[in-house]
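Number of protein chains: 2
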Amino acid sequence: MDAARTGDRAAIARLLSMVERGGAAAHEVGRLCHPLSGSAYTVGLTGAPGSGKSTLTSALIGHLRADGARVAVLAVDPSSPFSGGAILGDRVRMGDHVLDTDVFIRSMATRGHLGGLALAAPEAIRVLDAAGAAWVLVETVGVGQVEVEIVGAADTTVVVVNPGWGDAVQANKAGLMEIADVFVINKADRPGAADTRRDLEQMLDLSTPGDWRPPIVCTVASAGEGVEELAAEIDRHRAFLTGDGRLAAKRRQRLRDELGLIVTARLRHRADQLLDAAEREQLEQDVVERRLDPWSAADRILGAVDA
Amino acid sequence: MDAARTGDRAAIARLLSMVERGGAAAHEVGRLCHPLSGSAYTVGLTGAPGSGKSTLTSALIGHLRADGARVAVLAVDPSSPFSGGAILGDRVRMGDHVLDTDVFIRSMATRGHLGGLALAAPEAIRVLDAAGAAWVLVETVGVGQVEVEIVGAADTTVVVVNPGWGDAVQANKAGLMEIADVFVINKADRPGAADTRRDLEQMLDLSTPGDWRPPIVCTVASAGEGVEELAAEIDRHRAFLTGDGRLAAKRRQRLRDELGLIVTARLRHRADQLLDAAEREQLEQDVVERRLDPWSAADRILGAVDA
């Protein structure tokens, strides 16, 4: 932990591996990191595969590093095999930052973690926060529900789409409209960027009017275009949140949610242990075919808790 | 139960009161009704207060009754005081059907029911189903999250809006776009109906393309206009669901979800009993202020389960 605090990448990587594996060691890491955390600013980046999130993240790192801030990237990928402690350069397109000792990049999988990604991700962020990162960028590979929740829990959430009709529709479908604080139309040099902007504006018109209307930034991440504007919009959102206590309230709620998730995951784990999958499936089938009522089925599932 | 099966309204009302109060008696009612249920078709109606849902429901009853089918209406109102067994005529605008013994109308509140409305509503529907209703219309007063979930779980869900710009936007905000199988623009004789239709079509264009695109029906429920078309669209959706096993799959999933809710509600109830609100608040505050980590807080919340 002391080594991690000084930015020792191997030490940070070991702590993250412990978090990924879950169990008692992960909780011990969490216990150590929790009092040391709370100063990093988290930015979530999400969007469909191929939208250029990694390139954009890499370009954003370069911009944030200009201030000398320490930056960590957590690439969340539930479908990837367990990374087993890959530390650096495991995301090819972020190779630019391999030699920068103040940039830490890590892919995260969660095999074996009770509660899965929804619980493992905040724990990993806590490690990076406690290790002194000023910025933690959380990037997801896909837009599944849990990934959306994780990224949506960041201080500022960036939703990346591409030019063309379908993309804004897909973003809406994936529930990204609700979590976006900033929209990016990446690969904006391709045809259709104006259509996509119009679609997004239209969807914003139709959605909740709030105190913050997500700005739309056009970028060509591979050429570094628009990245400065993106960084400026992130800063503007950060100033908006910080201004009147929203950030503190958002973080407080996040910790409460995490505590609720931990309690629920532990309870569910107990319930799951009470019956194996085949037994549960049989009970459900009995309820569906009306041989058994739902309360008696619940009694059987919960029975072993009382035993 | 035998009396309820013959359509005895007082007997049905007593069973529903038991369900509202929750506890062991409610589960006993559920156990009795579960094997007898499964033949009613459920239609959910939701929309903002004042959109004319009750008038529309009343007009729809008249139409469904033309076939001689027995119809039950469950008006879900989480904010109303406990109805304490009001049986008939408790919804003034449904007064038309007071003398029709094959129409059963009931407001439902859920004081005291563990799991709240989300669990009490399917239990009440089960009672009405077992009592021989061919149609169960579930109407909500507001559009809160739980109400949306309940109505969205109906076989066919009708979302009611009014003419004018704001209404379609509010429907979208309340998460009604996702659950609608049929849209109704009620009070369609007022200015703005065409605008509202255009807004809805636009939102449908932007949302998930599926095998069923929700039709939009214009009604003036107070004059009975458009009600026949609404009934026809409900029938068309029913035929769509029945055609290829979707209805059976939807109902199977609904029972599985209910079982999951029962198990989770019981587990949460246990966890809640372990700490009073003040103790939990204090624990959350300790986590937020980093005097305590989330895992130790969860240990304390769950500690009494193991004790």
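Residue numbers (numbering that gives the first Met the number 0), protein chains in the order written: chain A, 0 to 306; chain B, 0 to 306.
Built from N, CA and C at the ideal position, the CB exists for glycine as well.
Computed from a predicted structure; not experimentally measured.
Cross-strand partners of A:THR156 (DSSP beta bridge): The residue labelled residue 156 of chain A in the question sits at position 157 within the first sequence. For A:THR156, the beta-bridge partners assigned by DSSP are A:GLY43.
Residue-level contact to chain A via CB, B:ARG90, 8 Å cutoff: Against the second sequence, residue 90 of chain B aligns to sequence position 91. Because the pLDDT of B:ARG90 is 47, which lies under 50, any placement of that residue in the model is unreliable, and the number read from its coordinates should be weighed accordingly. Output row for B:ARG90: interface = no.
Where A:TRP294 meets chain B, residues with beta-carbon distance less than 8 Å: For the purposes of this step, residue 294 of chain A is taken as residue 295 along the first sequence, with counting starting at 1. Correct list: HIS26, GLY29, ARG30 and ILE261.
Coarse secondary structure for B:ARG309, derived from DSSP in three states: It is not possible to answer for residue 309 of chain B, since the shown part of chain B is limited to 0 through 306.
Three-pair Cβ contact test at 8 Å for the region 42–54 of chain B versus the region 151–159 of chain B: yes
CB of B:PRO162 within 8 Å of CB of B:PHE182, strictly: Walking along the second sequence from the start, residue 162 of chain B turns up at place 163. Walking along the second sequence from the start, residue 182 of chain B turns up at place 183. No, the pair does not count as a contact, with Cβ atoms beyond the cut-off.
Closest by C-alpha distance to B:ASP198, when choosing among B:ASP210, B:MET176 and B:LEU136: What you label residue 198 of chain B is simply residue 199 of the second sequence in a count that begins at 1. When only C-alpha atoms are compared, the closest one is B:MET176.
Alpha-carbon spacing of A:GLY209 relative to B:ASP1, whole angstroms: In the first sequence, counting from the first residue as 1, residue 209 of chain A sits at position 210. In the second sequence, counting from the first residue as 1, residue 1 of chain B sits at position 2. Roughly 54 Å separates the two Cα atoms.
Proximity below 8 Å, CB of A:THR155 to CB of A:ILE233: Looking up residue 155 of chain A in the first sequence gives position 156. Looking up residue 233 of chain A in the first sequence gives position 234. For A:THR155 and A:ILE233, yes; Cβs fall inside 8 Å.
8 Å contact criterion, which B:SER50 and B:VAL160 should meet: CB distance rounded: Here the question's residue 50 of chain B lines up with position 51 in the second sequence. Here the question's residue 160 of chain B lines up with position 161 in the second sequence. With 8 Å as the limit, B:SER50 and B:VAL160 qualify as a contact, their Cβ atoms being about 6 Å apart.
Contact under 8 Å by Cβ, A:VAL137 with A:ILE11: Position 138 of the first sequence holds residue 137 of chain A. Position 12 of the first sequence holds residue 11 of chain A. Their beta carbons are not under 8 Å apart, which means A:VAL137 does not touch A:ILE11 by this criterion.
Per-residue DSSP class, three states only, for B:LEU291: In the second sequence, counting from the first residue as 1, residue 291 of chain B sits at position 292. Reduced to three states, the DSSP call for B:LEU291 is coil.
B:VAL158 versus B:THR54: straight-line alpha-carbon distance, rounded: Along the second sequence, read from residue 1 onward, the residue named residue 158 of chain B stands at position 159. Along the second sequence, read from residue 1 onward, the residue named residue 54 of chain B stands at position 55. CA-CA distance, B:VAL158 to B:THR54, rounds to 14 Å.
Contact with chain A by B:MET17, beta-carbon distance below 8 Å: Here residue 17 of chain B refers to the residue found at position 18 when the second sequence is read from its first residue. Not an interface residue.
Against chain A: residues of the region 188–212 of chain B by CB proximity under 9 Å: ASP198, GLN201, MET202, ASP204, LEU205, SER206, THR207 and PRO208
C-beta atoms of A:ALA25 and A:GLU146 nearer than 8 Å: Residue 25 of chain A sits at position 26 when you count from the first residue of the first sequence. Residue 146 of chain A sits at position 147 when you count from the first residue of the first sequence. In this structure, A:GLU146 does not lie closer than 8 Å to A:ALA25 by Cβ.
Proximity test, B:LEU136 beta-carbon vs the ligand ADP heavy atom, cut-off 7 Å: Of ligands this structure carries none, so the ligand ADP is not represented either.
8 Å Cβ cutoff, A:VAL147 in contact with chain B: Position 148 of the first sequence, counting from 1, holds the residue named residue 147 of chain A. Output row for A:VAL147: interface = no.
Residue nearest to A:LEU282 in terms of C-alpha spacing, selected from A:ASP194, A:ASP275, A:ALA296 and A:VAL70: Against the first sequence, residue 282 of chain A aligns to sequence position 283. With distances taken between Cα atoms, A:LEU282 lies closest to A:ALA296.
Burial state of B:GLY84 (16 or more Cβ within 10 Å): The residue you call residue 84 of chain B lines up with position 85 of the second sequence. Residue confidence for B:GLY84 is low, a pLDDT of 30 falling below 50, so the modelled location carries little weight; the figure read from the coordinates is stated next. In summary, B:GLY84 is exposed, with fewer than 16 beta-carbon neighbours lying within 10 Å of its beta-carbon over all protein chains present.
Beta carbon proximity, B:PRO162 to chain A, threshold 8 Å: Walking along the second sequence from the start, residue 162 of chain B turns up at place 163. So, not an interface residue.
For A:SER106, the residue or residues it bridges with in DSSP: Within the first sequence, residue 106 of chain A is the residue found at index 107, counting from 1. DSSP, once it has assigned bridges, lists A:ALA74 as partnering A:SER106.
Cutoff 8 Å; reference B:ARG216; Cβ partners in own chain excluding five residues on either side: Counted from its first residue, the second sequence places residue 216 of chain B at position 217. For the record, residue 216 of chain B in the displayed sequence is Val; it is not Arg. Hits under 8 Å: VAL181, PHE182, VAL183, ILE184, GLY225, GLU228, LEU229 and GLU232.
Residues from the region 239–263 of chain B in contact with chain A, defined by Cβ distance under 7 Å: So the list reads ARG251, LEU254, ARG255, GLU257, LEU258, ILE261 and VAL262, given in the order they occur along the chain.
Buried versus exposed call for A:ALA238 [16 or more other C-beta atoms within 10 Å across all chains shown]: Here residue 238 of chain A corresponds to residue number 239 of the first sequence, with the count starting at 1. Answer is exposed; the Cβ neighbour count stays below 16.
Reduced DSSP category for A:THR218 - H, G, I as helix; E, B as strand; rest coil: For the purposes of this step, residue 218 of chain A is identified with residue 219 of the first sequence, where counting begins at 1. If DSSP states are grouped into helix, strand and coil, A:THR218 belongs with the strands.
DSSP-derived helix/strand/coil call for A:THR263: Here residue 263 of chain A refers to the residue found at position 264 of the first sequence. Helix at A:THR263.
Helix, strand or coil at B:THR139 [DSSP, three-state]: Counting from 1 along the second sequence, the entry for residue 139 of chain B is found at position 140. Residue state, collapsed to three classes: strand.
Test: A:ALA85 CB closer than 8 Å to a CB of chain B: The residue given as residue 85 of chain A occupies position 86 in the first sequence. Residue placement at A:ALA85 is flagged as unreliable, the pLDDT there being 32, under the threshold of 50; the coordinate-derived value follows with that caveat. A:ALA85 does not count as touching chain B.
Closer than 7 Å at the beta carbon, the chain A residues around B:PRO34: Locating residue 34 of chain B in the second sequence gives position 35, counting from the first residue. Neighbours of B:PRO34 on chain A, chain order: ARG289.
Residues that A:LEU232 contacts on chain B, provided the C-beta gap is smaller than 8 Å: For the purposes of this step, residue 232 of chain A is identified with residue 233 of the first sequence, where counting begins at 1. Checking the displayed sequence, the identity of residue 232 of chain A turns out to be Glu instead of Leu. Residues of chain B passing the Cβ test: none, with the nearest at roughly 24 Å.
Segment limits, beta strand (DSSP E) that includes B:ASN185: On the second sequence, residue 185 of chain B is found 186 positions in, with the first residue counted as 1. Per DSSP, B:ASN185 belongs to the beta strand (DSSP E) from 181–185.
Local Cβ density within 10 Å of B:GLY29, reported as buried at 16 or more and exposed below that: Residue mapping note: residue 29 of chain B aligns to position 30 of the second sequence, counting from 1. Buried, since its Cβ has 16 or more Cβ neighbours within 10 Å.
CA-to-CA distance, B:ALA39 to B:LEU301, given in whole angstroms: Mapped onto the second sequence, residue 301 of chain B falls at position 302. Mapped onto the second sequence, residue 39 of chain B falls at position 40. Cα to Cα, the separation comes out at about 41 Å.
Chain A within 8 Å of B:LEU14, Cβ atoms only: Position 15 of the second sequence, counting from 1, holds the residue named residue 14 of chain B. Answer no: the Cβ-Cβ gap between B:LEU14 and chain A never drops below 8 Å.
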